[in-house]
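First the structure, in the form of structure tokens, and then the observations on it.
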Amino acid sequence: MLQQTTVTAVIPYYERFLSLFPTVRTLAAAPDDKVMAAWAGLGYYARARNLLACARRVVELGGEFPADLDGLRALPGIGDYTAAAVGAIAFGLPAVPVDGNVDRVMSRVWAIETPLPQSKPLIRERAAALMAQTEARDAPSDTAQALFDLGATLCSTTSPACGLCPWAPECEGHRKGIAASLPRKAPKAVRPRRHGAHFHLSDAEGHVLLRRRPAKGLLGGMAEIPGTAWRAEAWSRQDALAQAPVTQAHWVKLGSVRHVFTHFELLLDVYGASLVTIPEGAIGQGFLCPAGDLHAQALPSLMAKCLALGQKTLKQGSPAADHPADLLV
DNA sequence: GAGCCGTGGGC
DNA sequence: TGCCCAAGGCT
117 MLQQTTVTAV
127 IPYYERFLSL
137 FPTVRTLAAA
147 PDDKVMAAWA
157 GLGYYARARN
167 LLACARRVVE
177 LGGEFPADLD
187 GLRALPGIGD
197 YTAAAVGAIA
207 FGLPAVPVDG
217 NVDRVMSRVW
227 AIETPLPQSK
237 PLIRERAAAL
247 MAQTEARDAP
257 SDTAQALFDL
267 GATLCSTTSP
277 ACGLCPWAPE
287 CEGHRKGIAA
297 SLPRKAPKAV
307 RPRRHGAHFH
317 LSDAEGHVLL
327 RRRPAKGLLG
337 GMAEIPGTAW
347 RAEAWSRQDA
357 LAQAPVTQAH
367 WVKLGSVRHV
377 FTHFELLLDV
387 YGASLVTIPE
397 GAIGQGFLCP
407 AGDLHAQALP
417 SLMAKCLALG
427 QKTLKQGSPA
437 ADHPADLLV
């Protein structure tokens, strides 16, 4: 969960996840849908698929995790970083998990001016040399944790507190007065914009038409309301409605949703319609979800925003909520 | 190596 | 508002 995600965002998911799946065996036995629903809103959904696959692999291996780096590294979703973190923290192996914190601390201590990710091999080398020192090697878990915490607090991204830092006397970045500007990073690519239209279709009993996205790729395995493709060109009302699940309905534009992914920005028009009964042909590969079950679906935040627009319209007169999740409870 | 893959918070 | 970033992995 902590891969590329902040501790504050993770904690409530972590606690709920462990209450649902307290052991590797209960997780391995859980249905995919339930696991994806428990992850919904946290992002990077391949992590959830990998974690589930990892749990099932561990159970196949007898229910015990490998206690060596190569064995850990071979599990789904576990790369160099996570293998080192589990190795050092769970098994006391002399490995350094090199994350963004360690990148920053090593770059500053050694005044590494080569931009990331070019500097990664040198950073790994410096971190390994640190762990090889006697006091570190005697306490790999504490060493890893100390590097995380130093990077997360004193050696922070924007304003390092060098005056409070125990390493300041030996820090080359501080001595040169360039600590705050490190690590340097290669420039980022521009973020393109895409457009789409999605359709909130409900019946007299409040069911909402949903469908499941393909298992892999963007938002893989998550639920959504039906919609058009996401393309560079905006969708006219006419072109969008031609792709609605039912064309013979009174579609009303409910609003727009803006969502920023890592590599593109998405602008969605959301249309709503309600029929007494939804014809079988409109359901297609999708399914009807009772309004009360929406919160149990694997809905990414983007779709929670779209659903909120439709649910708000259905509940005219009820007080408006100021957060999408409030409307889904 | 570089692109793909979410989301929310801080400044 | 817009950009940056966060205990990265997979293809």
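Heads up: the first sequence begins at 117 in the numbering used here, then just goes up one per residue. Every residue, glycine too, gets a C-beta built ideally from N, C-alpha and C.
Counting other Cβ atoms within 10 Å of its Cβ, Ile-127 stays below 16 and is therefore classed as exposed. The C-beta distance from Pro-361 to Leu-325 rounds to 6 Å, short enough to meet the 8 Å contact threshold. The C-alpha of Arg-165 lies about 8 Å from the C-alpha of Asp-148. At the C-beta level, Arg-242 and Cys-271 stay beyond 8 Å of one another. Separation of Phe-380 and Ala-255 (C-alpha to C-alpha, rounded to the nearest whole angstrom) is 42 Å. When DSSP states are grouped into helix, strand and coil, Val-202 belongs to the helix group. Distance from Tyr-129 to Met-338 at the Cβ level is roughly 15 Å; contact not present, criterion being Cβ atoms closer than 8 Å.
Beta-carbon to beta-carbon, Arg-163 and Gly-193 are separated by about 6 Å, close enough to satisfy the 8 Å threshold.
In this structure Gln-401 is exposed. Its beta-carbon is surrounded by fewer than 16 other beta-carbon atoms within 10 angstroms. At the C-beta level, Cys-422 and Gln-413 stay beyond 8 Å of one another. A check of alpha carbon separations from Phe-315 across Phe-133, Ala-356, Met-117 identifies Ala-356 as the nearest. According to DSSP, residue pairing for Ser-372 in a beta bridge involves Asp-385.
Per DSSP, the beta bridge partners of Lys-301 are Leu-232. For Cys-405, the three-state secondary structure derived from DSSP is strand. For the 8 Å CB-CB criterion, Pro-231 and Arg-300 form a contact. Nearest neighbour of Arg-309 by Cα position, chosen from Trp-346, Val-151, Leu-167, turns out to be Trp-346. For Ala-262 and Met-117, the gap between their C-alpha atoms comes out near 20 Å. According to DSSP, residue pairing for Leu-317 in a beta bridge involves Ala-389.
The beta-carbon distance between Leu-370 and Val-392, rounded to whole angstroms, is 20 Å. This is too long to meet the 8 Å contact definition. Of the other Cβ atoms in all chains shown, 16 or more fall within 10 Å of the Cβ of Gly-267; this residue is therefore buried. Within a 10 Å sphere around the beta-carbon of Glu-340 sit 16 or more other beta-carbons, which makes this residue buried. Ala-200 and Ile-399 have their alpha carbons spaced roughly 47 Å apart. Taking 8 Å as the upper bound for CB-CB distance, Ile-205 and Ser-275 are not in contact here, some 28 Å apart. Setting aside the 5 residues that flank it on each side, Leu-185 is surrounded in the same chain by Ala-199, Ala-200, Gly-203, Leu-209, Ala-211, each with a C-beta closer than 8 Å to its C-beta; the list follows chain order. Here DSSP, grouped into helix, strand and coil, assigns Glu-340 to strand. According to DSSP, residue pairing for His-311 in a beta bridge involves Arg-347, Leu-383.
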